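Residue numbers for the sequence shown follow the numbering used here, so the first one is 9 and each next one is one higher.
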Amino acid sequence: MDTTKNTSSDYHIFDVCSKIEARFAELYQYYGDIFSEDYDASKLWKKAALEEENHLSQFELADRLYRWSDFAVTVDLERAQRICKKMDMFLEHVRKVPPTLETALIKAIEMEEALVDLHMTTAVIFSDGAVQKLFKAMAGADREHIQSLKEYLTVINSKEYCINA
Ligand SMILES: [Fe+2]
9 MDTTKNTSSD
19 YHIFDVCSKI
29 EARFAELYQY
39 YGDIFSEDYD
49 ASKLWKKAAL
59 EEENHLSQFE
69 LADRLYRWSD
79 FAVTVDLERA
89 QRICKKMDMF
99 LEHVRKVPPT
109 LETALIKAIE
119 MEEALVDLHM
129 TTAVIFSDGA
139 VQKLFKAMAG
149 ADREHIQSLK
159 EYLTVINSKE
169 YCINA
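(1) If the criterion is Cβ atoms closer than 9 Å, does the pair E110 and E60 meet it?
(2) What separation, rounded to the nearest whole angstrom, lies between the Cα atoms of A80 and E120?
(3) Three-state secondary structure (DSSP) at F43?
(4) Given this structure, state the Cα-to-Cα distance separating S26 from S65, to the nearest angstrom.
(5) Where does V105 fall in DSSP's three states?
(6) Are there 16 or more other CB atoms within 10 angstroms of the CB of V124, so buried, or fewer, so exposed?
(7) Measure from the alpha carbon of I154 to the alpha carbon of each residue in D71, Y36, K93, M97, then state which is nearest.
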């Protein structure tokens, strides 16, 4: 793994990554609203939004409590900043041109897969194993995040869903 020893400015990663999580939460919340006629889809998006808020809290907690701890950042800060800006543009775009449920799912899966390294447990490695364990435990509940989106994509593409739609 390509890690570097943290410097005093490395805690910015908490701020940028928490902003990215907040954008994801906003996006999924929005999808939960625009797909509200499909109960299961709406429930899935709202659950995903809550999970993103959980990811956001992890970065906020790290920023508040562990900013000065010894840790290594595994992601590039500038890349994270670019992604944050792209997320803003993406949110603006989907608000103007709401996607179909299928496109929303495909795009969300694509983004989640591309940005999986920006989550707390992979983006930051604490020297203190207890702290690392704490964040792993916090992330434990939503490991199936991408999986649920993929499964729902399969559901909407299945014949059964088309008949009932
Ligand atoms: Fe996330």
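Using N, Cα and C, we set each Cβ at its ideal position, and we do this for glycine too. All of these numbers come straight from a predicted model, not from anything done at the bench.
According to the structure shown:
(1) If you number the sequence shown from 1, residue 110 lands on position 102. If you number the sequence shown from 1, residue 60 lands on position 52. Contact flag unset, no.
(2) In the sequence shown, residue 80 corresponds to position 72, counting from 1. In the sequence shown, residue 120 corresponds to position 112, counting from 1. Roughly 22 Å separates the two Cα atoms.
(3) Taking the sequence shown and counting its residues from 1, the one referred to as residue 43 is at position 35. Note: F43 maps to coil in three-state DSSP.
(4) Taking the sequence shown and counting its residues from 1, one reaches residue 26 at position 18. Taking the sequence shown and counting its residues from 1, one reaches residue 65 at position 57. Taking the straight line from one Cα to the other gives about 8 Å.
(5) In the sequence shown, the residue the question calls residue 105 occupies position 97. Of the three classes helix, strand and coil, the one that applies to V105 here is coil, per DSSP.
(6) In the sequence shown, counting from the first residue as 1, residue 124 sits at position 116. Around the beta carbon of V124, fewer than 16 other beta carbons lie within 10 angstroms, which makes this residue exposed.
(7) Residue mapping note: residue 154 aligns to position 146 of the sequence shown, counting from 1. For the residues D71, Y36, K93, M97, the minimum Cα distance to I154 belongs to Y36.
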